[in-house]
Amino acid sequence: MEDTDLVASLIPAIEQQLESPETPFVKKTYERLMKDEETDEEDVLYMMAICLADESNRMFIDKRDFDIARYKELLDALPEIPQG
0 MEDTDLVASL IPAIEQQLES PETPFVKKTY ERLMKDEETD EEDVLYMMAI CLADESNRMF
60 IDKRDFDIAR YKELLDALPE IPQG
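For the sequence shown, numbering that gives the first Met the number 0 assigns the number 0 to the initial residue and increments by one for each residue that follows.
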């Protein structure tokens, strides 16, 4: 599976996080990024999925639990894309 396919496969997870009361920071990031009139929803969801993929990858590499604080930091840094 190519990286772009992997990231795209995480978009449903981002959509679930947008609706979840446990991840309000995801919705906050989405709303912040959607304020930019030059950015469309597909791009926003894809950028957010890159952050989820980056943290998930780091979790496996470092053999540790998912770091929610790091995930929040990656989302807060958007539209700057993580350079995993």
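Cβ atoms here follow ideal geometry from the backbone N, Cα and C, with glycine treated the same way.
Keep in mind it's a predicted model, so treat the numbers as computed, not measured.
Keeping to the same chain, check which residues put their C-beta closer than 7 Å to that of residue i; ignore five residues upstream and five downstream.
i	result
Leu73	Cys50, Asp53, Glu54, Pro81
Gln16	Thr22, Val25
If we ignore side chains and look at the alpha-carbon of each, how far apart do residue i and residue j end up?
i	j	result
Glu40	Met33	7 Å
Glu79	Leu44	14 Å
Glu37	Ala76	18 Å
Leaving out the 5 sequence neighbours to the left and right, which residues in its chain are closer than 6 Å to residue i when beta-carbon positions are compared?
i	result
Ala48	Val6, Leu9, Ile10, Ile13
Met58	Phe65
For residue i, which residues from the same chain have a beta carbon less than 8 Å from its beta carbon, with the 5 sequence-adjacent residues on both sides left out?
i	result
Tyr70	Cys50, Leu51, Glu54
Pro20	none
For the alpha helix (DSSP H) containing residue i, list its first residue and its last residue.
i	result
Leu9	Premise fails: Leu9 is in no alpha helix (DSSP H) and is neither H nor E.
Lys62	That residue, Lys62, is in no alpha helix (DSSP H); it is neither H nor E in DSSP.
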